[in-house]
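2 protein chains.
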Amino acid sequence: MRRAKAVSLADGESLFQQGDTATRFYLVVKGHIKLFRLAPDGNEKIIELVDAGHTFAEALMFLEQPRFPVGAVALGETELISIDAADFSAILRDSVDLCMALLGDMSFRLRSLIREIDDLSLHSATCRVAAFILSRAPEHCDDFELDIPKHVIASRISVKPETFSRIIKSLKSKNILEIRGSKVRLLDREALEDAADVCGLPVEAT
Amino acid sequence: MRRAKAVSLADGESLFQQGDTATRFYLVVKGHIKLFRLAPDGNEKIIELVDAGHTFAEALMFLEQPRFPVGAVALGETELISIDAADFSAILRDSVDLCMALLGDMSFRLRSLIREIDDLSLHSATCRVAAFILSRAPEHCDDFELDIPKHVIASRISVKPETFSRIIKSLKSKNILEIRGSKVRLLDREALEDAADVCGLPVEAT
DNA sequence: TATATCAATTGACATGAGTCAAAGCGCTTT
DNA sequence: AAAGCGCTTTGACTCATGTCAATTGATATA
Numbered sequence: 311m312r313r314a315k316a317v318s319l320a321d322g323e324s325l326f327q328q329g330d331t332a333t334r335f336y337l338v339v340k341g342h343i344k345l346f347r348l349a350p351d352g353n354e355k356i357i358e359l360v361d362a363g364h365t366f367a368e369a370l371m372f373l374e375q376p377r378f379p380v381g382a383v384a385l386g387e388t389e390l391i392s393i394d395a396a397d398f399s400a401i402l403r404d405s406v407d408l409c410m411a412l413l414g415d416m417s418f419r420l421r422s423l424i425r426e427i428d429d430l431s432l433h434s435a436t437c438r439v440a441a442f443i444l445s446r447a448p449e450h451c452d453d454f455e456l457d458i459p460k461h462v463i464a465s466r467i468s469v470k471p472e473t474f475s476r477i478i479k480s481l482k483s484k485n486i487l488e489i490r491g492s493k494v495r496l497l498d499r500e501a502l503e504d505a506a507d508v509c510g511l512p513v514e515a516t
Numbered sequence: 311m312r313r314a315k316a317v318s319l320a321d322g323e324s325l326f327q328q329g330d331t332a333t334r335f336y337l338v339v340k341g342h343i344k345l346f347r348l349a350p351d352g353n354e355k356i357i358e359l360v361d362a363g364h365t366f367a368e369a370l371m372f373l374e375q376p377r378f379p380v381g382a383v384a385l386g387e388t389e390l391i392s393i394d395a396a397d398f399s400a401i402l403r404d405s406v407d408l409c410m411a412l413l414g415d416m417s418f419r420l421r422s423l424i425r426e427i428d429d430l431s432l433h434s435a436t437c438r439v440a441a442f443i444l445s446r447a448p449e450h451c452d453d454f455e456l457d458i459p460k461h462v463i464a465s466r467i468s469v470k471p472e473t474f475s476r477i478i479k480s481l482k483s484k485n486i487l488e489i490r491g492s493k494v495r496l497l498d499r500e501a502l503e504d505a506a507d508v509c510g511l512p513v514e515a516t
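For the record, the sequence lines run as chains A and B.
The first sequence lines up with residues 311 to 516 when you count with this note's numbering.
The second sequence lines up with residues 311 to 516 when you count with this note's numbering.
1. Does D428 (chain B) get closer than 8 Å to chain A when you measure Cβ to Cβ?
2. Please give me, in chain order, every unbroken run of the beta strand (DSSP E) with length at least 3 that falls completely inside the region 429 to 466 of chain B.
3. What is the DSSP secondary structure of T473 (chain B), reduced to helix, strand or coil?
4. Could you check where the beta strand (DSSP E) with R299 (chain A) kicks off and where it finishes?
5. For chain A, check one thing: does any of its Cβ atoms lie closer than 8 Å to the Cβ of R403 (chain B)?
6. Does any C-beta atom of chain A lie closer than 8 Å to the C-beta of P379 (chain B)?
7. Just reading off the alpha helix (DSSP H) that L402 (chain A) is part of, what are its end residues?
8. Whole angstroms are fine: how far does the CA of E389 (chain B) sit from the CA of G414 (chain A)?
9. So L496 (chain A) packs on A447 (chain A), CB below 8 Å; how close in whole Å?
10. For V409 (chain B), collect the residues of the same chain with a Cβ closer than 7 Å to its Cβ; drop the 5 residues on either side in sequence, then sort them by chain order.
11. Per DSSP, what kind of secondary structure is E387 (chain B) in: helix, strand or coil?
12. If you follow the alpha helix (DSSP H) that D504 (chain A) is part of, which residue opens it and which one closes it?
13. For C437 (chain B), count neighbouring C-beta atoms within 10 Å of its own C-beta (all shown protein chains included) and say buried if the count is 16 or more, exposed if not.
14. Hey, M416 (chain A) and F398 (chain A): beta-carbon distance below 8 Å or not?
15. For F346 (chain B), which beta-bridge partners are listed by DSSP?
16. Would the region 442 to 461 of chain B count as touching the region 476 to 496 of chain B if we require 3 or more Cβ pairs under 8 Å?
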């Protein structure tokens, strides 16, 4: 692991851009990284928000001509460890177990992306908002914080900030939840779950 | 490879359903397999059309509790080889090269799915239709056939058949292409490419 | 040749979500 | 306390796509 390096980024600082050649991958130690795609008209869609403890871009090292399919910028102060792909690849060749672990990780991502495509093409914006909030809510606690700005959430779930705001408003008016700033309180978790899967795949199929 | 089995399916026959436990994966020998997700309201979104020569569902064997995240049915008469996941997993443990190959394959899929998400959230239906047609067109030939029914194409690109039909009509009216039945003729490839990426990622970034 | 069936097309209409523009609110800076 | 700045909210309006329903076309079955 000689060639692993620590990297620090300020809020909004870019790590790499879509199309850059990929020779390293990363582990988030602190903060968040947002991975996004840009449309020529300037619109951006967040593909993934990577939290501390997770790696990203390691899948690219297996492509012949590895280029980042997304751009990456820091959300808040963030710290990373950057790992040389060639180094890691050499290590991989010595460990079938590590290979299998990676394979497992990639399977998982594959499945997440399939779910997202499902979400985008089969569910309404309201469903996505509800599902997102649920995904951020702790198991047994109805009070929690959104640790990312709302316009970021909006882009993550492919909705405009204005629309996001209106959907939240309507959920409030139905007494399903309360939101003040970044503080969320779930008033009726069940109703929120309903809203989330008025199309949400039957549980067994996730 | 003892436990590999041949499977034949008639048109429309189901291979497995979303949520089924996955213990095998498949190689298409002849015909096509459509992988899809269903919404409770009956809507269906085709995640992938697998043509002869390609495998699918092999990524699942690395998950702890492997269930198919999609359903699979045959399009046209199709033949497959079904491979036992446990068998294959054993073989994998003996070959780092095979592991690497699989890893490469999965990276590729990951990237395709990211592109699709990009497509769904950043591009219009017209872009998707244009891109799809281009993706089916041979390199240096402007006459070719769509070997799948139009409503299947429509679902693949997340568009209703009616909308698909209208977009085609408008492309015809602009003298960009001709379509009669399943026969397509490109009249103005460049214009079609334009239509496809009036948002299509800059070439280098794919 | 008739007929049932399924795919594709067309028209009229409904609607969810985007756009644009203006406030409002919560920060930090001065 | 005032001013400035970005994020969020709200309102009015537009537009792309979906929905519903009817028609046409094409292929298979009797």
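Note that CB positions come from ideal geometry on N, CA and C, so glycine has one too.
With the structure as the only source:
1. Yes, D428 (chain B) lies at the interface with chain A (some Cβ there is under 8 Å from its Cβ).
2. With a minimum length of 3 residues, the continuous beta strand (DSSP E) runs that stay inside the region 429 to 466 of chain B are 453 to 455.
3. Correct three-state label for T473 (chain B): helix.
4. Look at the range of chain A in this structure, 311 to 516, and you will see that residue 299 (chain A) is not part of it.
5. Output row for R403 (chain B): interface = yes.
6. Yes, its Cβ sits closer than 8 Å to a Cβ of chain A.
7. If you look at L402 (chain A), you'll find it in the alpha helix (DSSP H) that goes A395 to D404.
8. G414 (chain A) and E389 (chain B) have their C-alpha atoms spaced approximately 28 Å apart.
9. Between the beta-carbon of L496 (chain A) and that of A447 (chain A) there is about 6 Å, and that keeps the pair under the 8 Å contact cut.
10. One point to set straight first is that residue 409 (chain B) is Cys, not Val, in the sequence displayed. Within the same chain, C409 (chain B) has close Cβ partners L402.
11. Reduced to three states, the DSSP call for E387 (chain B) is strand.
12. Membership of D504 (chain A) in the alpha helix (DSSP H) is indicated by the continuous run R499 to A506.
13. A residue is called buried once 16 or more other Cβ atoms fall within 10 Å of its Cβ, and C437 (chain B) is buried on that count.
14. Taking a C-beta distance under 8 Å as the contact criterion, M416 (chain A) and F398 (chain A) do not qualify as a contact pair.
15. Paired residues: B:I356 and B:G381.
16. Touching, yes.
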